Amino acid sequence: MTDDCLFCSIAAGDVPSDTVAESDHAVAFRDVNPQAPTHVLVIPRVHQPDIGSLAEAEPEATIDLLALARRVAEDAGGSYRLVFNTGADAQQTVFHCHAHVLAGRELGWPPG
Ligand code: 5GP
Ligand code: ZN
1 MTDDCLFCSI AAGDVPSDTV AESDHAVAFR DVNPQAPTHV LVIPRVHQPD
51 IGSLAEAEPE ATIDLLALAR RVAEDAGGSY RLVFNTGADA QQTVFHCHAH
101 VLAGRELGWP PG
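Here the sequence shown is numbered in the numbering used here, starting from 1 and rising by one per residue.
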């Protein structure tokens, strides 16, 4: 838990969220500003700023997060996209690692 981290507070249950699934190391909840019919964020319980840092420091949590993201995506049905915005120029705004699971509509490419 890192002070002043929104997603640490959500993982701890101190800030409410629309939780859709949980695992030992990860929590999945609906994005407050959805960009697709299914838009779920999957975060590790531990604080790491991005997916690369998480993979290096917490490989077990990384695999667990990816497995939870897959479960959420498959529950949505059909094709899906998993996005890790990493760094400010990639539009990362919350610096606690999170996967966006996007599904439920045709997803364009390139993503912009
Ligand atoms: P990023 O831009 O860092 O890749 O994604 C951060 C995401 O967090 C955004 O899609 C934004 O809508 C979402 N978000 C920001 N604040 C909250 C919040 O308080 N609750 C939820 N559920 N999502 C949030
Ligand atoms: Zn955090």
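C-beta atoms are modelled at their ideal positions from N, C-alpha and C, and glycine is treated no differently.
Being a predicted model, the structure only gives us computed values, none of them experimental.
Please state the DSSP three-state secondary structure of T93. Start at 1 with the first residue of the sequence shown, and residue 93 comes out as number 93. Reduced to three states, the DSSP call for T93 is coil.
Straight-line Cα distance separating V32 from G104: The residue labelled residue 104 in the question sits at position 104 within the sequence shown. The residue labelled residue 32 in the question sits at position 32 within the sequence shown. Between G104 and V32, the C-alpha separation is close to 16 Å.
Straight-line Cα distance separating G77 from V83: Here residue 83 refers to the residue found at position 83 of the sequence shown. Here residue 77 refers to the residue found at position 77 of the sequence shown. Spanning the two alpha carbons is a distance of roughly 17 Å.
Could you check how far apart the C-beta atoms of V27 and A99 are, in whole angstroms? I think they sit under 8 Å. Taking the sequence shown and counting its residues from 1, one reaches residue 27 at position 27. Taking the sequence shown and counting its residues from 1, one reaches residue 99 at position 99. At roughly 11 Å, the Cβ-Cβ gap does not stay under 8 Å, so V27 and A99 are not in contact.
Less than 7 Å between C-beta atoms, sequence neighbours within five positions excluded: which residues of the same chain meet that for A12? In the sequence shown, residue 12 corresponds to position 12, counting from 1. Same-chain partners within the cutoff: M1.
Confirm, please, whether the CB-CB distance from H25 to P49 is below 7 Å. By 1-based counting over the sequence shown, the position of residue 49 is 49. By 1-based counting over the sequence shown, the position of residue 25 is 25. Result no, Cβ atoms of P49 and H25 do not sit closer than 7 Å.
To the nearest whole angstrom, what separates the beta carbons of F29 and V15, a pair I think is in contact under 8 Å? Position 29 of the sequence shown, counted from the start, is the residue given in the question as residue 29. Position 15 of the sequence shown, counted from the start, is the residue given in the question as residue 15. With a Cβ gap of about 10 Å, F29 and V15 do not count as contacting.
Reference G108, options A36, G87 and A88, closest by Cα: Counted from its first residue, the sequence shown places residue 108 at position 108. Of A36, G87 and A88, the residue nearest in Cα terms is A36.
What does the shell around the ligand ZN hold, if a residue joins when its beta-carbon is under 7 Å from any heavy atom? T2, C5, F7, C8, H47 and H96
Does the beta-carbon of S79 have 16 or more other beta-carbons within 10 angstroms, so that it is buried, or is it exposed? One-based indexing of the sequence shown puts residue 79 at position 79. So S79 counts as exposed.
Selection from V94, R81, G112 and P111 that minimises the alpha carbon distance to F7: Mapped onto the sequence shown, residue 7 falls at position 7. For the residues V94, R81, G112 and P111, the minimum Cα distance to F7 belongs to V94.
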